[in-house]
Structures are given as C-alpha cells and as structure tokens.
Amino acid sequence: MAESPKINRREHILQCLAQMLETSPGQRITTAKLAAEVGVSEAALYRHFPSKARMFEGLIEFIEDAILSRLNIIMDEEKDTMTRCQLVLQLLLVFSERNPGISRVLNGDALLGENERLRSRIDVLFAKIETQIKQILREKTLREGVGFNIDEAILANLLLAFAEGRISQFVRSEFKQKPTLHFDEQWTFIQQQLLRS
C-alpha cells in the first residue's frame, strides 16, 4: 500500500516531462526546470529517478509498451497485407499526434545532448518496427503466392521512412502540421505503388 504514492509520483514526473517537451519545443529540459514544474525539489526528483537519463528511459518504456503492444494486436487481428501496413503506419502517426512531447523523443529531437544509450533504444524500437513491416510484406508471398518485384526490406524501409518523415515534420512545425493530415490520400497512393511493384 505504501508503494502507491511513489508510483503516482513517478508517473507525475514523466507526465510533466512529456508536457514540458510539448510546451517548450527546442529547449533543453533541465532537472531544475522539471523539479519546478513537478513542484518538488531536485533532490525529490532523484529519489524517484537516479538520473535525467532514467526519466527519459521511463518515457521510452512508455513508447515501447504502447507501440509494440498495439503492433501485436494488429498482427493478431488483421491478416491482409496492405491493411496491416496501413494500420502500422497509422499507429505511429496517431500515437505521435496524440503525444506531441513524446514525438520529440521518437524523432530524437529531445535526446540531443542526452545519453547515447537513449538514442540507441529509439533506434532499436524503429528497427523492430521495420522488421515487423518487412515480415508483413514477406508473408504476402506465402499467403497469396505473389510477392513484390522490389525486395521487402527496401519497401519496409521506405514505409518506415514515410512515417518518420511525417513525425519529423510534426516536431519541426512545433506540432502544427499533424502527422495524420492527408494520410488516407497518401496511403491510397502508396498502396497503389506497392501493388504495382
């Protein structure tokens, strides 16, 4: 029972960090500013997280859990190749749009000057997503007997680059250019090209 306030305080710190990433685009978040936002001393922050890197790791864990768990649901519930690809890209774009501050972590903007380990974790997350897209594309051949003329790894990289580009535009525009804007029309075009390849 005594653990409950500690968990809530940790979550509150991470929520404040995400909020500051959203409201202070381009600015570095210091522990002093974060402590002021949370309403505690810096020492109190360090009782919950041993370092600022660990606070960012907490946000990255949230990102990993949210995206990878939904990715698994897509894989379980949807069997059509193109629909799966569409839903994976949509997942990334909608998640970013709903979590503007966290989208700065996803595209690496908020991690500049932070511990290299943090950027590596984001790289690993995107590598997992790309591998999943590649697997989705490869399964088309197994399921339908017809594959693509272009290597699935190249296509998977292209699809992920599209999503990453939309997320970067969102961050660069200070969250004005929504990642999902025109997605339906863009996906229709991408799908047509994929099916021709």
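Using this note's numbering, read the sequence shown as starting at 1147 and increasing by one per residue.
Heads up, the beta-carbon is just placed ideally off N, CA and C, and yes, glycines get one too.
Keep in mind it's a predicted model, so treat the numbers as computed, not measured.
If you look at residue 1239, you'll find it in the alpha helix (DSSP H) that goes 1227-1244. Residue 1181: member of the alpha helix (DSSP H) spanning 1177-1184, first to last residue. Rounded to the nearest angstrom, the gap between the Cα atoms of residue 1158 and residue 1256 is 19 Å. Here residue 1278 is buried. Its C-beta has 16 or more other C-beta atoms within 10 Å. The DSSP-derived three-state label of residue 1328 is coil.
A Cβ-Cβ distance of about 20 Å is found for the pair residue 1230 and residue 1313, leaving them out of contact under the 8 Å criterion. For residue 1315, same chain residues with a beta-carbon under 6 Å away, outside a window of 5 residues either side, are 1323 in chain order. For residue 1247, the three-state secondary structure derived from DSSP is helix. Taking C-beta separations shorter than 6 Å and ignoring five residues to either side along the sequence, the partners of residue 1267 in its chain run 1206, following chain order. Of the other Cβ atoms in all chains shown, fewer than 16 fall within 10 Å of the Cβ of residue 1334; this residue is therefore exposed.
Closest in alpha carbon position to residue 1318, among 1154, 1208, 1171 and 1223, is 1171. Residue 1297: not part of any alpha helix (DSSP H); DSSP gives it neither H nor E. Note on geometry: alpha-carbon atoms of residue 1201 and residue 1160 lie some 7 Å from one another. When C-beta atoms of the region 1181-1200 are compared with those of the region 1214-1228, fewer than three pairs fall below 8 Å, so the two segments do not count as touching. The C-beta distance from residue 1265 to residue 1254 rounds to 6 Å, short enough to meet the 8 Å contact threshold.
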